[in-house]
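Okay, so here's the structure we're looking at.
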Amino acid sequence: MKIQVLFGSASDERVYGPLCRSLEKSGDVKMEVASAHRNPDRVREIVTTGGADVFVAGAGLAAHLPGVVASLTQKPVFGVAVNGAFSGLDAFLAIVQMPKGVPVMCVTEENAHKISDYLLRWKNMPTDKILMHWNKDLESYSPIQKALEDIRTQSGVDVQWAESSNPQCVGEIVSPFEIPKVTGLNLFLCEKEQLASTQMALDFFNKARQGGMWVGANNIGNFVLQWKKLTEMGASAWN
Numbered sequence: 001m002k003i004q005v006l007f008g009s010a011s012d013e014r015v016y017g018p019l020c021r022s023l024e025k026s027g028d029v030k031m032e033v034a035s036a037h038r039n040p041d042r043v044r045e046i047v048t049t050g051g052a053d054v055f056v057a058g059a060g061l062a063a064h065l066p067g068v069v070a071s072l073t074q075k076p077v078f079g080v081a082v083n084g085a086f087s088g089l090d091a092f093l094a095i096v097q098m099p100k101g102v103p104v105m106c107v108t109e110e111n112a113h114k115i116s117d118y119l120l121r122w123k124n125m126p127t128d129k130i131l132m133h134w135n136k137d138l139e140s141y142s143p144i145q146k147a148l149e150d151i152r153t154q155s156g157v158d159v160q161w162a163e164s165s166n167p168q169c170v171g172e173i174v175s176p177f178e179i180p181k182v183t184g185l186n187l188f189l190c191e192k193e194q195l196a197s198t199q200m201a202l203d204f205f206n207k208a209r210q211g212g213m214w215v216g217a218n219n220i221g222n223f224v225l226q227w228k229k230l231t232e233m234g235a236s237a238w239n
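Per UniProt numbering, the sequence shown runs over residues 1 to 239.
Right under this line is the structure:
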């Protein structure tokens with residue numbers, strides 16, 4: 001597997017140094033500093049000519065780099081929200097709230113080292129079904145019911161409940177009433193009206209700091225598209 005790591009500033013070495021070392025157990029790692037704002041042409045060149053199987057892009061503050069990378073490739077993109085200010089809240093929201101059709105799996109700075117283990121798990125992920133975890137006590141919660149139906153429809157495969165400890169568990173559906181248990185491709189769900197609350201954004205951020213790779217609030221389309229990208233990567237990267 002070829003992994004391209006791209007960070008917006010050399011001052012983020014405290015994050016990308018340990019991150020690159022952790023990724024070496026997953027494949028061949030290349031690291032480069034290039035800013036989406038200061039070096040856009042170089043970013044485009046790296047993404048479109050490097051031949052990477054997966055990208056890990058990190059930035060702080062406005063944190064546009066992961067989204068720009070995702071706009072230039074059909075490969076999976078992990079985005080690391082670097083703590084430049086506000087404990088990384090600004091970067092997290094900039095990365096995680098991508099428009100439909102351009103997914104980025106966002107992790108907080110303290111969870112960046114978990115990307116490598118998740119990549120390795122995709123060697124053994126099934127492709128004919130999606131194993132996910134959710135709180136069965138909240139199964140009647142309408143956003144969860146609709147999400148499961150939409151995931152089945154958009155992915156074209158069955159969605160089955162799995163224990164959070166199952167290594168083939170893709171990720172977790174997490175409601176505002178709980179903390180995540182799975183370090184995977186996680187989906188934050190709430191009532192549509194709750195998205196008007198700034199407190200809900202803080203709640204989302206606090207959940208992300210517990211672990212997981214997140215694809216936006218209520219963004220079923222990006223969750224499914226990211227699953228498809230990871231599945232395609234798993235079918236080719238290790239062959």
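Note that beta-carbon positions come from the ideal geometry of N, C-alpha and C, so glycine has one too.
Worksheet entry | Nearest to S35 (by Cα), restricted to the options Q160, A59, V54, F55 | Of Q160, A59, V54, F55, the residue nearest in Cα terms is A59.
Discussion item. For a quick check, are the C-beta atoms of L120 and G84 less than 8 Å apart?
Written reply: It is not a contact, given that the beta carbons lie outside the stated cut-off.
Worksheet item: Can you give the Cα-Cα distance for L8 and D137, rounded to whole angstroms?
Response: Checking the displayed sequence, the identity of residue 8 turns out to be Gly instead of Leu. Distance between G8 and D137, taken at the CA atoms: about 42 Å.
Fill in: N186 in three-state terms, based on DSSP
Three-state result, N186: strand.
Practice prompt. State the DSSP-derived secondary structure class of A10, mapped to helix, strand or coil.
Written response: In this structure, DSSP gives A10 a helical state, which the three-state scheme calls helix.
Worksheet entry | Residue nearest to residue 242 in terms of C-alpha spacing, selected from I46, Q194, G51 | Residue numbering for the chain in the displayed model covers 1 to 239; residue 242 lies beyond these limits and cannot be assessed.
Practice prompt. Give a yes or no on whether 8 Å exceeds the smallest Cβ distance from L131 to chain C.
Written response: Here there is only one protein chain, and chain C is not present.
Worksheet item: Between P143 and E191, is the Cβ-Cβ spacing less than 8 Å?
Response: In contact: P143 and E191 (Cβ atoms closer than 8 Å).
Practice prompt. Please classify V102: is it buried, with 16 or more other beta-carbons within 10 angstroms of its beta-carbon, or exposed?
Written response: Under a 10 Å Cβ-count criterion, V102 is classified as exposed, with fewer than 16 other Cβ atoms of the shown protein chains found around its own Cβ.
Item to complete: Have a look at V96 and D128 and give me their C-alpha separation to the nearest angstrom.
Response: C-alpha separation (whole angstroms): 27 Å.
Discussion item. Cutting at 7 Å between CB atoms, please list the residues of its own chain near S116, excluding the five before and the five after it.
Written reply: Hits under 7 Å: S22, L23, K25, S26.
Worksheet item: What does a CB cutoff of less than 6 Å around T73 pick up in its chain, not counting 5 residues either side in sequence?
Response: Taken in chain order, the residues that qualify are V47.
Worksheet entry | Minimum C-alpha distance to V80 - residue among V182, E163, K100, A91 | Closest by alpha carbon: A91.
Worksheet item: Can you list, in chain order, the residues of its chain whose CB lies under 6 Å from that of D53, leaving out five sequence neighbours each side?
Response: M1, K2, M233, A237.
Fill in: Residue environment, G207, which counts as buried when at least 16 other CB atoms sit within 10 Å
Reading off the sequence shown, one finds Lys at residue 207, where the question assumed Gly. With 16 or more other Cβ atoms within 10 Å, it is buried.
Worksheet item: Is the beta carbon of L6 less than 8 Å from the beta carbon of M105?
Response: No. Outside cutoff.
Fill in: Start-end ranges of the alpha helix (DSSP H) lying completely within the region 204 to 236, minimum 4 residues
The qualifying runs are 220 to 236.
Worksheet item: Just curious, the alpha helix (DSSP H) that K136 is in, first and last residue?
Response: It is not in any alpha helix (DSSP H) - K136 carries neither H nor E in the DSSP assignment.
Fill in: Opening and closing residue of the alpha helix (DSSP H) in which I144 lies
142 to 155 is the extent of the alpha helix (DSSP H) around I144.
Fill in: Same chain only: Cβ atoms within 7 Å of V224, ignoring 5 sequence neighbours per side
For V224, where only same-chain residues beyond five positions count, the Cβ hits under 7 Å are I151, Q154, S155.
Item to complete: Ignore the nearest five residues each way along the sequence and tell me which others in K114's own chain have a CB closer than 6 Å to its CB.
Response: So the qualifying residues of the chain are T183.
Worksheet item: In whole angstroms, what separates the C-alpha of D28 from that of D12?
Response: Their backbone Cα atoms lie some 21 Å apart in a straight line.
Worksheet item: Looking only at DSSP bridge pairs, what is W161 linked to?
Response: Its beta-bridge partners are M132.
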